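S.K.: Quick note, the sequence shown lines up with residues 0 to 211 if you use numbering that gives the first Met the number 0.
Just so it is clear, CB atoms sit at the ideal spot from N, CA and C, and this is done for glycine as well.
Computed from a predicted structure; not experimentally measured.
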Amino acid sequence: MGISKDVVVLLEYLLPGFIAAWVFYGLTGHPKTSPFERTVQALIFTVIIKAITHCIGWIALTIFTVTGLSVGTWDANAQLILSVTIAIVGGHAISWAANTNTYHKRLYKRKITTKTSLVSEWHSAFAMRDAFIILHLDADLNERKLFGWPNEWPDDPKSGHFVITEPEWLIELDNGYDRVPATADEMLLISASHVLMVEFVKSSNTETENAE
């Protein structure tokens with residue numbers, strides 16, 4: 000009975016950290032770690048969130064004491080609600096920073112790190128540029144080349160699917176390629192297992208071809 004109570008108390012204490020981690024992994028492509036590592040991450044998040052909660056509480060109590068205002072009691076329930084709110088907002092903020100490489104980009108410019116906040120070079124290539132792509136398909140799909148806009152792409156280059164909108168097949172000619180629109184298809188779903196290589200097309204090249 001005592002053990003169960005201790006577990007409940009521990010989970011309640013770590014709840015803000017688990018919420019922040021849940022938001023982060025739900026909004027980024029980072030793979031989930033082991034249960035032990037997730038618990039450690041939740042503990043770190045919780046310590047930070049609790050510190051912010053206490054700082055906000057101290058500032059609020061100081062302001063209310065000076066002004067004589069009152070909006071309620073600063074009890075355990077109020078602290079829990081505030082800490083959960085901070086966890087949700089903080090989780091979204093950390094996810095945004097990870098998906099946009101904002102923090103690491105600044106550190107890179109100062110030569111503090113050579114890493115990015117994105118999961119891999121695969122994620123970085125798609126996340127850091129808005130461009131049409133060319134998928135080079137394998138022999139199972141007749142080694143064809145598909146041009147289009149990557150509306151969605153897989154987290155893993157070896158599994159999942161590409162969702163390609165504005166799809167066009169590239170037909171090889173003596174002096175280059177001809178783009179044949181897949182007029183019957185609004186979009187194409189291509190398995191990543193059939194993709195040998197991905198080309199990112201410069202926007203100037205696309206604009207020139209469309210103008211022609």
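(1) Evaluate contact between the stretch 100–113 and the stretch 65–75, counting only Cβ atoms and requiring at least three cross-stretch pairs below 8 Å.
(2) Could you check the C-alpha separation between S119 and I55 for me, to the nearest Å?
(3) By the three-class DSSP mapping on this structure, what secondary structure does L117 have?
(4) Looking at the secondary structure, which residues open and close the beta strand (DSSP E) in which G147 lies?
(5) Cutting at 8 Å between CB atoms, please list the residues of its own chain near L81, excluding the five before and the five after it.
(6) What are the start and end residues of the alpha helix (DSSP H) that includes H53?
(7) Can the beta-carbon of I163 be found less than 8 Å from the beta-carbon of P180?
(8) For D139, does the three-state DSSP call read helix, strand or coil?
(9) Considering only residues of the same chain and omitting the five flanking positions on each side of A96, which have a CB-CB separation below 7 Å?
(10) Have a look at the DSSP bridge pairing and note the partners of P166.
(11) Take S123 as the anchor and find which of I133, P156, H91, D137 has the nearest alpha-carbon.
(12) Under 8 Å, do H135 and M186 count as touching if we go by C-beta distance?
(13) Roughly how far, in whole angstroms, is the beta-carbon of T45 from the beta-carbon of P15, given that I think they are within contact range, below 8 Å?
(14) For I189, report the span of its beta strand (DSSP E) as first-last.
(15) For I111, which of helix, strand or coil comes out of DSSP?
(16) Assign L145 to buried or exposed, taking buried as 16 or more other Cβ atoms, counted over all protein chains shown, within 10 Å of its Cβ.
M.R.: Taking the structure as given:
(1) no
(2) 37 Å
(3) coil
(4) 144–151
(5) T52, I55, G56
(6) 34–66
(7) no
(8) helix
(9) Y102, S116
(10) Its beta-bridge partners do not exist; DSSP assigns none.
(11) P156
(12) no
(13) 5 Å
(14) 186–190
(15) coil
(16) buried
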